[in-house]
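Residues in the sequence shown are numbered consecutively from 24, following the numbering used here.
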Amino acid sequence: MKVLVLGSGAREHALVNAIAADPEVDAVIAAPGNPGIDATALCVPLDILDGEAVAAVARTHEVDLVVIGPEAPLVAGVADVCRRAGFAVFGPSGAAAQLEGSKAYAKEVMAAAEVPTARAHVCTTMEQVESGLNALGAPHVVKADGLAAGKGVVVTDSRDEALAHAAACLARPEGRLVLEEYLDGPEVSVFCISDGTTVVPLAPAQDFKRVGDDDAGPNTGGMGAYSPLEWAPTGLADEVIARVAQPTITEMRRRGTPFVGVLYIGVALSSRGLRVFEFNVRFGDPDGQASIARLETPFAQLLHAAATGALDIFGPLRCSADRAVAVVLTAKGYPSTPRTGDRITGLDAAATVPGVTVLHAGTALDETGALVSSGGRVLDVVAVGSDLAAARSAAYDAMALIELDGSHHRSDIALKAARGEITIGA
Ligand SMILES: Nc1ncnc2c1ncn2[C@@H]1O[C@H](COP(=O)(O)OP(=O)(O)OP(=O)(O)O)[C@@H](O)[C@H]1O
Ligand SMILES: [Mg+2]
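Next comes the structure, spelled out in structure tokens:
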């Protein structure tokens, strides 16, 4: 099998590694890839928002499967162009990707599928916002409708801050926003693979959004993650499939926009029970890496079965008993003003730590061919171990060997879980 993977971040690096490890795979092409991915796949330059150009690359390399990593090409309908060109594609159509492309649309589908989720108001005027804030109370949750690269949501006790963000959301092209009731409790990510009819879960994971230890500071794209969640109810993944993923997949099929790909479900285990706070239509980054690192089912065969409507032959996915921890290394000044162009050293040494894989998120080669940082999130150090404590120490042993001037990483990823300090409803 020959596979084309679209994207250039740590998520795509994890996808490329897992696909290349599948015995059925004889070649992986990544577009545009990155210096880390280049060690495993043939990287080709490409504008991944240009569906015709993607189909042309797929044709040139005679691939058997196209895997679309990030949300932007999915929402732009690149999967539709590739399917029309005759390729098997892992990733939803432009219409189905609206489950992430529009939070208002996602709420509409959740209501039709009777999915447990936060009460919400979709608003197009500030008058509606004012009355919605009154109705839902504080803390206020205000969400931009469209894609916002993790900067579209504000959760605040301050009415003024909520109103200011609402005004900014209404000024965006989509001209509407979603207000939600506040959900308490720990957050969990569940990645559900679907072929449009059948849907199966990977092991749940949890990520860390805030930049600082103890969840201090602003939200980021994600500073780390781990899997499994030993503190969560044992049947959690099955409950998410039964009450959320399967009804949603069935509803999308009923609407004539079947969902083929990964449905990333963000749930809160709130004091009033399981509640969905968002859908994404791609693997999380870094939480997806923690789940994928534990998967034993051959990955390319799994994605190909989903892309070709044959998931039911797979049965439940196989997952290792190992624990996985991912820690993100970020550049100086991230998330507001990340500095780029700094030399990165120590990766070879870090990769020798048992159980460790170093994924490239934001790296490039400078004019001398040296590896430098090229984004806010630079590397993900992913480690597996027999328990969370072992996986944590492997990850941090490797992180200690990596040098990047002015860089930052959290020191408490999976710490509370490893110490057994997380309880539901806390
Ligand atoms: N109803 C809610 N109650 C409490 N917190 C919430 C609620 N909805 C969202 N949040 C918080 O805000 C964060 C971002 O919200 P959400 O996941 O909907 O936005 P997003 O921008 O699509 O994020 P992502 O980049 O992860 O896709 C969540 O991780 C959660 O911490
Ligand atoms: Mg989202």
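We treat Cβ as the ideally placed atom computed from N, Cα and C, and that holds for glycine.
These figures come from a predicted structure and were not determined experimentally.
{"Query": "Span separating the alpha-carbon of A190 from that of M149", "Result": "7 Å"}
{"Query": "Cβ-heavy atom distance, G289 to ligand 2, below 8 Å", "Result": "yes"}
{"Query": "P162 Cβ short of 8 Å to ligand 1 heavy atom set", "Result": "yes"}
{"Query": "Element boundaries [beta strand (DSSP E), containing H188]", "Result": "Unbroken run through H188 is the alpha helix (DSSP H), 182-193; no beta strand (DSSP E)."}
{"Query": "For S416, the first and last residue of its enclosing alpha helix (DSSP H)", "Result": "411-422"}
{"Query": "Where K166 falls, given that 16 or more other Cβ within 10 Å makes a residue buried", "Result": "buried"}
{"Query": "As assigned by DSSP and simplified to three states, the class of H36", "Result": "helix"}
{"Query": "Check: E203 C-beta below 8 Å from any heavy atom of ligand 2", "Result": "no"}
{"Query": "Beta-ladder partner(s) of V211, from DSSP", "Result": "V290"}
{"Query": "Nearest neighbour of E319, chosen from L340, R346, G385, D310 [CA to CA]", "Result": "L340"}
{"Query": "Helix, strand or coil at N157 according to DSSP, with G and I counted as helix", "Result": "helix"}
{"Query": "Contact set for R276: own chain, Cβ-Cβ below 7 Å, skip 5 residues either direction", "Result": "G219, T220"}
{"Query": "Supposed close pair R298, V304 - CB separation, criterion 8 Å", "Result": "So it is not a contact: roughly 20 Å between Cβ atoms."}
{"Query": "Endpoints, the beta strand (DSSP E) within which A349 is located", "Result": "346-353"}
{"Query": "Pick from A41, D335, G240 that is closest to H431, judged by C-alpha positions", "Result": "G240"}
{"Query": "C-beta atoms of I447 and K439 nearer than 9 Å", "Result": "no"}
{"Query": "Option nearest A62 by Cα separation, candidates A421, A417, L382, S343", "Result": "L382"}
{"Query": "T391 - DSSP class collapsed to helix/strand/coil", "Result": "coil"}
{"Query": "Chain-order list of residues whose beta-carbon lies under 6 Å from that of P68 (same chain, five-residue window excluded)", "Result": "P55"}
{"Query": "Beta carbon nearer than 6 Å to a non-hydrogen atom of ligand 2", "Result": "E123, E301, N303"}
{"Query": "Beta-carbon gap between V379 and G245 smaller than 9 Å", "Result": "no"}
{"Query": "Rounded C-alpha distance that separates A449 from V77", "Result": "The predicted position of A449 is uncertain, since its pLDDT is 49 and thus under 50; a value taken from the coordinates is nonetheless stated next. Roughly 47 Å between the two C-alpha positions."}
{"Query": "Proximity winner among E153, E274, S314, relative to Y287 (alpha-carbon distances)", "Result": "S314"}
{"Query": "K25 - DSSP class collapsed to helix/strand/coil", "Result": "strand"}
{"Query": "Contact set for R182: own chain, Cβ-Cβ below 8 Å, skip 5 residues either direction", "Result": "L156, A161, H163"}
{"Query": "Local Cβ density within 10 Å of E47, reported as buried at 16 or more and exposed below that", "Result": "exposed"}
{"Query": "Ligand 1 heavy atom lying under 8 Å from the CB of V176", "Result": "yes"}
{"Query": "At least 3 beta-carbon pairs within less than 8 Å: the region 355-375 vs the region 398-415", "Result": "yes"}
{"Query": "Enclosing beta strand (DSSP E) for T380 [first to last residue]", "Result": "379-383"}
{"Query": "For S154 and A64, the rounded distance between their alpha carbons", "Result": "53 Å"}
{"Query": "Beta-carbon gap between A328 and V407 smaller than 9 Å", "Result": "no"}
{"Query": "Close beta carbons around Y128, own chain, < 6 Å, minus the five adjacent residues each side", "Result": "Q121"}
{"Query": "Under 9 Å between C-beta atoms of V348 and V112", "Result": "no"}
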